[in-house]
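Residues in the sequence shown are numbered from 830 upward in steps of one, following the numbering used here. For reference, the structure discussed in these notes is given below.
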Amino acid sequence: MKQPRRHFLKSSAALAAGTMLLPETFAAKKAKQPRYQIGLSQYSLRAMFKDGSLDPLDYPAFSVDQFGINQLDLWEGGLPKDKLDDPAYLKQLKRRAKKAKAELFLLMTGALDANPQKRDASLKQILPSLSRARILGCEFVRVFLR
Numbered sequence: 830m831k832q833p834r835r836h837f838l839k840s841s842a843a844l845a846a847g848t849m850l851l852p853e854t855f856a857a858k859k860a861k862q863p864r865y866q867i868g869l870s871q872y873s874l875r876a877m878f879k880d881g882s883l884d885p886l887d888y889p890a891f892s893v894d895q896f897g898i899n900q901l902d903l904w905e906g907g908l909p910k911d912k913l914d915d916p917a918y919l920k921q922l923k924r925r926a927k928k929a930k931a932e933l934f935l936l937m938t939g940a941l942d943a944n945p946q947k948r949d950a951s952l953k954q955i956l957p958s959l960s961r962a963r964i965l966g967c968e969f970v971r972v973f974l975r
């Protein structure tokens, strides 16, 4: 059966337009992750930790509830010194973050000395932070280079 030329051209144009929209249709179904995410440093709230108005265990929920920020970094100076090497405490903090739907992505630690003669001594103080970061589920450890 022969098709009139005008009908063939209309059908072809409609088919071509439809296929151009297909990738957009499928792309719309994918959840797009934002290119950048805002993170909050525990250090920013150091005054609240110092005066006791915010407990470090409540930091994840506070950050999500007050600011809508769920990407969090921790600062060792904002954690109780007597709990820094307590795996139970660190696991509890990780559970609290998970419950608040927050991610602990970074642990800020002490200073690493750039001076080769002093570096080994400062490195010994920083190495325990790697274990802390692992327990907390932090992907990064930040050191201060002096």
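Where is the CB? At the ideal position from N, CA and C, for every residue including glycine.
DSSP places Leu883 outside both helix and strand once states are collapsed to three, so it counts as coil.
According to DSSP, residue pairing for Phe934 in a beta bridge does not occur. Annotation: Asp911 to Pro957 spans about 14 Å, alpha carbon to alpha carbon.
In this structure, DSSP gives Gln954 a helical state, which the three-state scheme calls helix. Cys967 and Leu941 do not touch by the CB rule: their CB atoms are close to 17 Å apart, not below 8 Å. Pairwise C-beta distances place the segment 909-926 out of contact with the segment 943-954, as fewer than three of them are shorter than 8 Å.
When rounded, the separation of the alpha-carbon atoms in Phe973 and Met937 is 8 Å.
Around the Cβ of Tyr888, a 10 Å sphere holds 16 or more other Cβ atoms; the residue is buried.
Taken through DSSP and simplified to helix, strand or coil, Gln866 comes out as coil. Beta bridge pairing from DSSP links Gln900 with Gly868 and Glu932. The DSSP-derived three-state label of Ala926 is helix. At the C-beta level, Leu919 and Pro885 stay beyond 8 Å of one another.
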